[in-house]
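>
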Amino acid sequence: NAGVTQTPKFQVLKTGQSMTLQCAQDMNHEYMSWYRQDPGMGLRLIHYSVGAGITDQGEVPNGYNVSRSTTEDFPLRLLSAAPSQTSVYFCASSQGGTQYFGPGTRLTVT
Amino acid sequence: GQQLNQSPQSMFIQEGEDVSMNCTSSSIFNTWLWYKQEPGEGPVLLIALYKAGELTSNGRLTAQFGITRKDSFLNISASIPSDVGIYFCAGLFAGGTSYGKLTFGQGTILTVHP
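Just so you know, the sequences run in chain order A and B. Sequential numbering from 224 applies to the first sequence in the working numbering. Sequential numbering from 79 applies to the second sequence in the working numbering.
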């Protein structure tokens, strides 16, 4: 099992550009989520999904879109990148209460 | 929404010392999780707690789910240099519109001097 995988590992964008952060899991977990991590603020939930076709907003959803067409994949889209979106992004999946995290994507918006 | 207060924010200790950190909340959680994060990596689950009063060990790590369901602590005994990292508590509130959402503490940065 690869667990939770994320691509890319690093990305630099210019303000206004769009991009998609990829997340995949091979554990057949129903629940997947996206977090951003900023210094001194822990992890904050952006969007989550309780199953294919079902998504909902987390604590900080503005500027991000998600979709869940399959159980395995949960991409995060930045529609028009802003410097405030410079952060490290983590995807997680779970079955039951315990969440397992991917290695993260470090995004810089200039 | 639910808030978690984690303390201390950072700790500098000598190898061999014991470490204790805790999380408190104004809300009741059904699950408490403790994660460790090393530089450039995602958080890795250390211990999961599912019942109030539960005390669980994982090697040198011991964690407890507070009986009020609003707090948890993590202890590390006889610290070693590889314990260095950021430790996060996380609470899972399973109910209503918050189903399945993890709330994280701010993290405790642990430094261990050899």
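Just so it is clear, CB atoms sit at the ideal spot from N, CA and C, and this is done for glycine as well.
1) Between GLU132(B) and ARG147(B), what straight-line distance do the alpha-carbon atoms span, to the nearest angstrom?
2) If you measure between the beta carbons of GLY183(B) and GLN115(B), is that distance less than 8 Å?
3) Who are the Cβ neighbours of GLN81(B) in its own chain at under 8 Å, not counting the five residues just before and after it?
4) Taking GLY274(A) as the reference, give the member of GLN234(A), PHE297(A), GLY325(A), THR243(A) with the closest Cα.
5) If I'm right that PRO326(A) touches GLU119(B) with Cβ under 8 Å, what's the distance once you round it to whole angstroms?
6) Indicate whether LEU268(A) and GLY281(A) have their beta-carbon atoms separated by less than 8 Å.
7) Quick one: what does DSSP say SER307(A) is sitting in, helix, strand or coil?
8) Quick one: list the residues of chain A neighbouring PHE166(B), beta-carbon separation under 8 Å, in chain order.
9) Using C-beta distances below 8 Å, list every residue in its chain close to ASP96(B), excluding the 5 sequence neighbours before and after it, in chain order.
10) In terms of residues, what are the limits of the beta strand (DSSP E) holding ASP279(A)?
11) Ordered along the chain, which non-local residues of its own chain (more than five positions away) have a Cβ less than 7 Å from that of ASN288(A)?
12) Measure from the alpha carbon of TYR165(B) to the alpha carbon of each residue in PHE143(B), LYS179(B), LYS129(B), LEU123(B), then state which is nearest.
13) Using the beta-carbon of each residue, which ones in chain B are nearer than 9 Å to PRO222(A)?
14) Can you tell me whether DSSP reads SER272(A) as helix, strand or coil?
15) Compute the Euclidean distance between the alpha carbons of ARG329(A) and ILE145(B), then round it to the nearest angstrom.
16) Using three-state DSSP, classify ASP261(A) as helix, strand or coil.
17) Under the rule that 16 or more other beta-carbon atoms within 10 Å means buried, what is PHE90(B), buried or exposed?
18) Counting C-beta neighbours from all protein chains within 10 Å, is the total for THR175(B) 16 or more, i.e. buried, or is it exposed?
19) Could you confirm whether any beta carbon from chain A is found closer than 8 Å to the beta carbon of GLY144(B)?
Reading from the atomic positions:
1) If you take the alpha carbons of GLU132(B) and ARG147(B), they lie about 10 Å apart.
2) In this structure, GLN115(B) does not lie closer than 8 Å to GLY183(B) by Cβ.
3) These residues qualify, in order along the chain: SER103, SER104, SER105, THR181.
4) Of the residues GLN234(A), PHE297(A), GLY325(A), THR243(A), the one whose Cα lies closest to the Cα of GLY274(A) is PHE297(A).
5) Contact holds; Cβ gap of about 6 Å.
6) It is a contact, given that the beta carbons lie within the stated cut-off.
7) SER307(A): helix per DSSP, three-state reduction.
8) Neighbours of PHE166(B) on chain A, chain order: GLY265, LEU266.
9) Taken in chain order, the residues that qualify are ASN153, ILE154, SER155, ALA156, SER157.
10) ASP279(A) -> beta strand (DSSP E) spans 277-280.
11) Hits under 7 Å: ARG300, LEU302.
12) Nearest of PHE143(B), LYS179(B), LYS129(B), LEU123(B) to TYR165(B), Cα basis: LEU123(B).
13) With chain A represented from 224 up to 333, any question about residue 222(A) goes unanswered, as that position is not in the structure.
14) Of the three classes helix, strand and coil, the one that applies to SER272(A) here is strand, per DSSP.
15) The straight-line gap from Cα to Cα measures roughly 38 Å.
16) ASP261(A): coil per DSSP, three-state reduction.
17) Burial call: exposed.
18) The predicted position of THR175(B) is uncertain, since its pLDDT is 49 and thus under 50; a value taken from the coordinates is nonetheless stated next. Exposed.
19) Closer than 8 Å: no.
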